[in-house]
Structure formats: C-alpha cells, structure tokens
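Its first residue numbered 653, the sequence shown is counted upward by one per residue in this note's numbering.
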Amino acid sequence: MKVDETEFFIIKESKTDNFLYRHVDFDRDLSTLYKWMQQPHIAPFWKLNLPLHEFEQWLRKSIDAEHKEVFIGEMNGEPVCYLIAYSVEEDPVKELYEYQVGDLGMHLLIGPRNYLNREDGLSIIRSMILFLFDQYKDMNRIIGEPDIRNRIVIPILKRLGGEVIGEIDIHNKKASLIMGERKAVLEKMDEDVQVEWLKSMNVKRALLK
Numbered sequence: 653m654k655v656d657e658t659e660f661f662i663i664k665e666s667k668t669d670n671f672l673y674r675h676v677d678f679d680r681d682l683s684t685l686y687k688w689m690q691q692p693h694i695a696p697f698w699k700l701n702l703p704l705h706e707f708e709q710w711l712r713k714s715i716d717a718e719h720k721e722v723f724i725g726e727m728n729g730e731p732v733c734y735l736i737a738y739s740v741e742e743d744p745v746k747e748l749y750e751y752q753v754g755d756l757g758m759h760l761l762i763g764p765r766n767y768l769n770r771e772d773g774l775s776i777i778r779s780m781i782l783f784l785f786d787q788y789k790d791m792n793r794i795i796g797e798p799d800i801r802n803r804i805v806i807p808i809l810k811r812l813g814g815e816v817i818g819e820i821d822i823h824n825k826k827a828s829l830i831m832g833e834r835k836a837v838l839e840k841m842d843e844d845v846q847v848e849w850l851k852s853m854n855v856k857r858a859l860l861k
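See the structure below:
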C-alpha cells in the first residue's frame, strides 16, 4: 500500500518531537497557508499577502508544477511549516554556482510566529532537511537561498552543516546561497540527535532525473 506521509521522531537528550510531512492538499491547506502568508514575519520575504483569489491561483500552480513539490510539515500534531522542493536544473539559480546534476533546491517558511525562535526553528528546519534527504534518495546536495535579512534561518542552516558559498540576486531579492552536502549534514546531525522513522513516502521523483 502506498504511504502518503513521512513520519519520524527526533530525540535530543530528554526531548522528543514528532514530525510528519505530507504533500499540500489545496482544499485542506488553503486557509492555513493563506493565513501564514499574511503574517508580518513572512509577508516581506514571500510577498504572497495577496487577495484570496490570487493566492488560490498561486497555490494551484505550485501544486501542479512539474519541477517542484510542495509539502506541509507538522510538529507534535500542529502544522508548523511549508516546504518547497524544486529541481535546480529548472531554476535560474543553476547559473549562479557550480551546479551538479540532481541538486535539489528548497524554500521554506515557519508559519506560527511562536515557533520562530532559535530552538524550535532549529528543530523544524532539521526535520525538513532529514525529510528531504529521505524523500530524494539520489540527491546529494540541498541548495537554499534565504533572504540575507533572515537572521534566524541562515544561522540555523549553517549550524546544521550548510555552507554559505556566496550572495546572489535572484527572485527579486538579495540572498545567501547556502549548500548542504548529504554526508556532511547527516554526520553532523548524528552527533546531535537520534532519529526514529515511523513511515516514509520514500519516493524517487522524476524531477531528479
């Protein structure tokens, strides 16, 4: 039977958090995502605080796009993050660094403002990266491009083993280009946490051909 969710525990010392990732469902997730995009900590970066009908068009287009996949992540049963995984081969960022076949790009946001702190932010972004490396088995590098003004996400990505390889102008923003290699990132995580997998979509996607 096909599994449509990936679920796992991350254990750090005496703290255990449950994470679940699934594909975005338009009807189920529209109101949550629309609410998140209006938030002051998200709107300046994503610029999607649009009228509802325009946001609906954007979300449908994102769900239907062939070169990316969009996911909702839950922490301990509460939706907390939105994650886009995209083929770098189909994106302008390909021209701005030494691209390798199979590189995977990621865009992310943490929705509820109360989770936008270094401890919860670290836990959530760590879970995103673990999920992506599990979901895309043939992918060896994740590429991120957070806005250079993002003082929470950039330090977290660096702490998790990401390397800042430059600053770029892309998608109407000045961004830090950050690369995380599978071996280095997972080795660093193994030093900090224990992961227990409950179920996995574990799908080899066509976008990484």
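Backbone N, C-alpha and C define an ideal beta-carbon position, used for all residues, glycine too.
Limits of the alpha helix (DSSP H) - the one that residue i falls within
i	result
S775	770-787
K667	Unbroken run through K667 is the beta strand (DSSP E), 667-675; no alpha helix (DSSP H).
Residue i (DSSP reduced to helix, strand or coil)
i	result
H705	helix
I806	helix
L829	strand
P692	coil
D799	strand
Y686	helix
V745	helix
E721	strand
E614	The chain is shown from 653 up to 861; residue 614 falls before or after that span and cannot be answered.
Exposure label - residue i; buried when at least 16 CB within 10 Å
i	result
F783	buried
F678	exposed
K658	Looking at the sequence shown, residue 658 is not Lys but Thr. T658 comes out buried.
L809	buried
S739	buried
V745	buried
W688	buried
G763	buried
R778	buried
V676	buried
D632	Outside the shown range of the chain, which is 653 to 861, sits residue 632, and nothing can be said about it.
E721	buried
D844	exposed
Delimiting residues of the beta strand (DSSP E) encompassing residue i
i	result
L850	846-851
P791	First, the residue type needs correcting, since residue 791 is Met and not Pro in the sequence shown. Note, M791: premise wrong, no beta strand (DSSP E); not H, not E.
H759	756-762
K664	657-664
Y738	730-739
E815	815-822
Cβ separation of residue i and residue j, assumed to be a contact under 8 Å, to the nearest whole Å
i	j	result
L761	Y788	With 8 Å as the limit, L761 and Y788 do not qualify as a contact, their Cβ atoms being about 20 Å apart.
G814	M831	7 Å
I663	E797	30 Å between Cβ atoms; not a contact.
L748	I822	7 Å
I724	M758	About 14 Å separates the two Cβ atoms, so there is no contact after all.
E730	F671	Between F671 and E730 the Cβ distance is about 11 Å, and since that is not below 8 Å, they are no contact.
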